[in-house]
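Notes follow once the structure below has been shown.
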Amino acid sequence: MTGVADDVAFSKSEMMIVAAARELAGQRVCFVGVGLPNIAVNLAKRTVAPDMELVYEAGVFGARPARLPLSIGDPTIVTGATAVVSMFELFAFYLQRGLVDVGFLGAAQIDRFGNINTTVIGDYAAPRTRLPGSGGACEIAINARNVFVIMRQSSRSFVERIDFRTSPGNLGGAEQADAIRRAGGWQGRGPSVVVTDLGIWHFDETGEMRLDSLHPGATLDEVRETIAWDPKISPSLSPTPAPTADELRLVREELDPEGIYTK
Amino acid sequence: MTGVADDVAFSKSEMMIVAAARELAGQRVCFVGVGLPNIAVNLAKRTVAPDMELVYEAGVFGARPARLPLSIGDPTIVTGATAVVSMFELFAFYLQRGLVDVGFLGAAQIDRFGNINTTVIGDYAAPRTRLPGSGGACEIAINARNVFVIMRQSSRSFVERIDFRTSPGNLGGAEQADAIRRAGGWQGRGPSVVVTDLGIWHFDETGEMRLDSLHPGATLDEVRETIAWDPKISPSLSPTPAPTADELRLVREELDPEGIYTK
Amino acid sequence: MPGKVTTMRDAVADLVRDGDTVAIEGFTHLIGFSAGHEIIRQRKRDLTLARMTPDVIYDQMIAAGVARKLIFSWLGNPGVGGLNAIRRRIEPASVGDGTALEVEEYSHFGMVARYTAGAANLPFMPLRSYFETDLPAANPLIREIRSPYSEETVYAVPPLNPDVTVVHAQRADVAGNTQVWGLLGCQKEAAFAAERVIVVVEELVDEAVIRADPNRTIIPGLIVDAVVVEPFGAHPSYVQGAYDRDNRFYLDWDPISRDEAATQAWLRDWVYGLDGRAAYVEKLGDAHLASLRPGSAPSGSVDYGTYA
Amino acid sequence: MPGKVTTMRDAVADLVRDGDTVAIEGFTHLIGFSAGHEIIRQRKRDLTLARMTPDVIYDQMIAAGVARKLIFSWLGNPGVGGLNAIRRRIEPASVGDGTALEVEEYSHFGMVARYTAGAANLPFMPLRSYFETDLPAANPLIREIRSPYSEETVYAVPPLNPDVTVVHAQRADVAGNTQVWGLLGCQKEAAFAAERVIVVVEELVDEAVIRADPNRTIIPGLIVDAVVVEPFGAHPSYVQGAYDRDNRFYLDWDPISRDEAATQAWLRDWVYGLDGRAAYVEKLGDAHLASLRPGSAPSGSVDYGTYA
Chain A
1 MTGVADDVAF SKSEMMIVAA ARELAGQRVC FVGVGLPNIA VNLAKRTVAP DMELVYEAGV
61 FGARPARLPL SIGDPTIVTG ATAVVSMFEL FAFYLQRGLV DVGFLGAAQI DRFGNINTTV
121 IGDYAAPRTR LPGSGGACEI AINARNVFVI MRQSSRSFVE RIDFRTSPGN LGGAEQADAI
181 RRAGGWQGRG PSVVVTDLGI WHFDETGEMR LDSLHPGATL DEVRETIAWD PKISPSLSPT
241 PAPTADELRL VREELDPEGI YTK
Chain B
1 MTGVADDVAF SKSEMMIVAA ARELAGQRVC FVGVGLPNIA VNLAKRTVAP DMELVYEAGV
61 FGARPARLPL SIGDPTIVTG ATAVVSMFEL FAFYLQRGLV DVGFLGAAQI DRFGNINTTV
121 IGDYAAPRTR LPGSGGACEI AINARNVFVI MRQSSRSFVE RIDFRTSPGN LGGAEQADAI
181 RRAGGWQGRG PSVVVTDLGI WHFDETGEMR LDSLHPGATL DEVRETIAWD PKISPSLSPT
241 PAPTADELRL VREELDPEGI YTK
Chain C
1 MPGKVTTMRD AVADLVRDGD TVAIEGFTHL IGFSAGHEII RQRKRDLTLA RMTPDVIYDQ
61 MIAAGVARKL IFSWLGNPGV GGLNAIRRRI EPASVGDGTA LEVEEYSHFG MVARYTAGAA
121 NLPFMPLRSY FETDLPAANP LIREIRSPYS EETVYAVPPL NPDVTVVHAQ RADVAGNTQV
181 WGLLGCQKEA AFAAERVIVV VEELVDEAVI RADPNRTIIP GLIVDAVVVE PFGAHPSYVQ
241 GAYDRDNRFY LDWDPISRDE AATQAWLRDW VYGLDGRAAY VEKLGDAHLA SLRPGSAPSG
301 SVDYGTYA
Chain D
1 MPGKVTTMRD AVADLVRDGD TVAIEGFTHL IGFSAGHEII RQRKRDLTLA RMTPDVIYDQ
61 MIAAGVARKL IFSWLGNPGV GGLNAIRRRI EPASVGDGTA LEVEEYSHFG MVARYTAGAA
121 NLPFMPLRSY FETDLPAANP LIREIRSPYS EETVYAVPPL NPDVTVVHAQ RADVAGNTQV
181 WGLLGCQKEA AFAAERVIVV VEELVDEAVI RADPNRTIIP GLIVDAVVVE PFGAHPSYVQ
241 GAYDRDNRFY LDWDPISRDE AATQAWLRDW VYGLDGRAAY VEKLGDAHLA SLRPGSAPSG
301 SVDYGTYA
């Protein structure tokens, strides 16, 4: 437990999920990834973004899940949805056409420019750890208008150099990335925010992530210890407001009653 | 009127439709074109090919039209069909994939090698007569396993040189056509038969059409007068059996009661 | 999502602009006649009209002078004959000193592939067609492309992204979530390819009706700008389950359209002289419309299950 | 068309051959576990297994030694963690002196595009993905292609044409005309791409049920070689409207699959030791299956109309 909201203790993971959900305020169409993004987006739908349309790569637009989907292909995302389409249509007509405002991804490794690895740790041909791979992440990173990332910080995940670039972020910096994205006809502008268990990072004009908000209970030392480069810290760094009682109730009672994501 | 079946008079058009329908015996999947092919195929379905699956380019597989479809997009081809699919799927997954055994086309002009024009009479940029154009005919001619043609003979339609090649047949001859079709990955072997108001033409080993059957009442002189080149006539030329009373009844009472196609 | 229900007059006034590329699709089924007539009534000009089968609706629109260009794949009056008003703008003998209609021509699969590339934001779509035909010479936008996996060469067509696509459908909700059964044509692709989308429906339904059967949704409200409710808006074409094709009309159009004066008189009587589809329907008369009603053939219901 | 209904044993014996490329698709929904288990039981060998998300079914099949190669886009136990039996065949530390599994890797859209190219008989499919990633270097079948309309370059993937595709579905008739509602995944494309197709259904229905709602048909009998009727054949995955995902099973698989001996014991108990899905269902027990039944959420019926 890292903090207290209205006298209720909460975990780092709960803070991370709540902070990520709040970032979705005002967004219209969100492409939901597997795992932590799934719970964060479903919390946002119940709080700051009730009108947000959820797109699941399984082929669902306008999902209204009655429970937290157990996976991104759960039957609860189908019943009561606006539209169910083939995966070809979902990726071609929704994502590649530029209709998705936010793609919400997890990551195993990320670098300072928001480039992401979810493929392997070690050498591709002889990996130390074989990770899931791209799934839809590669094309989400390219074609979602904005990319949100949610992941726990550690010096093994916030690295100087990712072992494999599965999903492009700001490449070697904003100037290069903007030129390549424009010239190549990508629909996406790249990563907007990285929400971790310690704070909230946005990307500055150079395309590098900068800590803008520090979660209750987290320290800058802790931030620096869990990151492999010397991170930029915003001069106007502010504390992340603690989860409200309502946010915690939704997470604990409705979205993750077994505590799979929030332990 | 050109003949008599069981003492019933029949028209040239009726003979043409009946002869075309009979050619479909044993075929499994037929892609139905607009106009005369539509009535010929529907007659075959009621006579020699009851198990034949009808594919309509409008996006229908396994149609069971309760009446003669007024067009190739008539609602009667949908109600009771096996499958309705998008036109992309129909052209890509059925036709281009090679699932269609017979494509049944009409034509405004045809040459000795079965190349077809349905685009313009005269110069393309300044046409004397603007015809409908390809519709699906171009890709049917390329990707249906076999192509059947139904059209009336006249020296303006059976021409030495077509004004525009909308749909490829045996190109400049069978040898060239086979090589190009194989090398280019076409699914189709080219035209198999041309059924006219005067007789039935198949294609010989050189890829040129040859009259194999002469309709009752038609003469070889008439055949030669309605064709712009000196046609090949089969040494074993046989008379086309006249329409049966049942075939005529189906055409007149069920398929074309207003006589639109059969006058 | 706020309601998008509006009148045809406002939808066309707001969303169709002179010079636009407009696609009114619907392969024989669900042809947006009421939208086409409103475009005529508002005297839009210099449109590029895209449609696989221009059909009688584009013959009428082109006769009324709204278009400078036509993109198509089959130019005919299905089951009847030619499209005479359009032919008069193409064949030099009848164009005379008038302005010829510019044409850009594909095959059916080429048109479908163009909309698909447009909907998918692809720079081109490959297809196995056009080999050994005169179409690539007639239309230089049909181009060869080599496979990166072999020596094989196929053809490509470029994306088609209309400024406006009009889709007629059985039903939608106020947000524009639209469902169709029966022939689907290329409406989904044409809608996703477009910058703006007008949906015209026989029936406005509650959102719950749409959400009860999400597999039937072909267009999400997300891409819809206006929802117009106009029963019989597809007449003389048909709507699966609602009314049949008015074949008499298609036959009658042939002699009318062969004569320029008769064509213009028809447009006065049935388009300019009426203030919208409701008046057109009234003029057609109840008895005539009743004759187009089909019998009933229910689909049956399936169960999606509740997972709470 | 003659009936194609057969047993899973005969379908797999007749249609799946050693060395084949086999696709058992179904994105979380409708995963063909019963077919996968029969392939294990018949000790097929040297298969190339293609699937967007290998899921627990391919973890089991690869643990049983049926495969030499895996083509995929996301390798995980959805909502739980990794696929441990497969990882043991990929990570050198655990492969040791054993035979490593060959892998060929795409993104989701890349896999979907491969099946689509296969279904459409196209030599390649273009897509806007892979830019500035390491995937094309890891998989040289992902190749650049220039648009014929601009200087623009996108990526292409080659067609994937499985020897056999297995599709699990809610219902089919004896001819193999197959209907699905809920998530469609890429089953249609994988089936049209295949040389041979096995359809496994929860329920065999009369042809009239299919023909009452032709828009729901995803696979025509034309391309189907065998129809197998096996209720609960997709357990522990789910069937929309029929049963829920057995999430407990997915969670339990994690510790089992971490241990090679436990994995093989599971295969003995639940695959080799049973003679088919009926025995598996009996072993699961009625009470457990009843707990997976959802409530009812009917789609409602639409009218196609009769046109005679």
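Protein sequence lines, in the order shown, are assigned to chains A, B, C and D.
Counting in the working numbering, the first sequence runs from 1 upward without gaps.
Counting in the working numbering, the second sequence runs from 1 upward without gaps.
Counting in the working numbering, the third sequence runs from 1 upward without gaps.
Counting in the working numbering, the fourth sequence runs from 1 upward without gaps.
Each residue gets a CB set at the ideal place from its N, CA and C atoms; glycine is no exception.
Report yes if the C-beta distance between residue i and residue j is below 9 Å; otherwise report no.
{"i": "G136(B)", "j": "P214(D)", "result": "no"}
{"i": "V41(B)", "j": "C30(B)", "result": "yes"}
{"i": "F164(B)", "j": "A228(B)", "result": "no"}
{"i": "G174(B)", "j": "F203(B)", "result": "Reading off the sequence shown, one finds Ala at residue 174(B), where the question assumed Gly. Yes, the pair counts as a contact, with Cβ atoms nearer than the cut-off."}
{"i": "D20(C)", "j": "V227(C)", "result": "no"}
{"i": "L274(D)", "j": "A63(D)", "result": "no"}
{"i": "D212(B)", "j": "S236(B)", "result": "yes"}
{"i": "V60(A)", "j": "A83(A)", "result": "yes"}
Straight-line CA distance for residue i to residue j?
{"i": "A13(C)", "j": "A66(A)", "result": "41 Å"}
{"i": "A50(C)", "j": "L204(C)", "result": "27 Å"}
{"i": "T240(A)", "j": "S257(D)", "result": "40 Å"}
{"i": "R182(A)", "j": "L135(D)", "result": "21 Å"}
{"i": "V16(D)", "j": "E253(A)", "result": "47 Å"}
{"i": "N177(C)", "j": "R28(A)", "result": "16 Å"}
{"i": "P236(D)", "j": "A287(D)", "result": "15 Å"}
{"i": "T306(D)", "j": "P294(C)", "result": "5 Å"}
{"i": "P298(D)", "j": "R211(D)", "result": "19 Å"}
{"i": "L43(A)", "j": "V80(D)", "result": "20 Å"}
{"i": "E189(D)", "j": "A119(D)", "result": "5 Å"}
{"i": "V112(D)", "j": "L141(D)", "result": "15 Å"}
{"i": "S73(D)", "j": "T53(C)", "result": "40 Å"}
Going by DSSP in three states, residue i sits in which element: helix, strand or coil?
{"i": "S291(D)", "result": "coil"}
{"i": "M209(A)", "result": "strand"}
{"i": "K45(A)", "result": "helix"}
{"i": "I140(A)", "result": "helix"}
{"i": "F31(A)", "result": "strand"}
{"i": "G221(D)", "result": "helix"}
{"i": "N84(D)", "result": "helix"}
{"i": "K44(C)", "result": "coil"}
{"i": "T21(D)", "result": "strand"}
{"i": "M111(C)", "result": "helix"}
{"i": "L36(A)", "result": "helix"}
{"i": "G285(A)", "result": "No statement about residue 285(A) is possible, as the shown extent of chain A runs from 1 to 263 and does not include it."}
{"i": "D303(D)", "result": "strand"}
{"i": "T178(D)", "result": "strand"}
{"i": "Q96(A)", "result": "helix"}
Have a look at the DSSP bridge pairing and note the partners of residue i.
{"i": "H37(C)", "result": "Answer by DSSP bridge pairing: none, since H37(C) is not bridged."}
{"i": "V56(C)", "result": "The partner list for V56(C) (beta bridge, DSSP) is empty, contrary to what the question assumes."}
{"i": "R146(C)", "result": "T153(C)"}
{"i": "T129(B)", "result": "I121(B)"}
{"i": "V149(B)", "result": "L105(B) and V194(B)"}
{"i": "S167(A)", "result": "I116(A)"}
As a quick exercise: from the options, pick the residue whose alpha carbon is nearest that of residue i.
{"i": "T7(C)", "options": "G81(C), P236(C), A261(C) and I198(C)", "result": "I198(C)"}
{"i": "V200(D)", "options": "L183(D), A35(D) and D10(D)", "result": "A35(D)"}
{"i": "P127(A)", "options": "Q264(D), L101(D) and W270(D)", "result": "L101(D)"}
{"i": "R311(C)", "options": "G305(C), A297(C) and R43(C)", "result": "Outside the shown range of chain C, which is 1 to 308, sits residue 311(C), and nothing can be said about it."}
{"i": "N161(C)", "options": "P54(C), G82(C), F124(C) and P148(C)", "result": "F124(C)"}
Closer than 8 Å to a non-hydrogen atom of the ligand GTP - does that hold for the CB of residue i?
{"i": "A81(A)", "result": "This structure simply doesn't include the ligand GTP, nor any ligand for that matter."}
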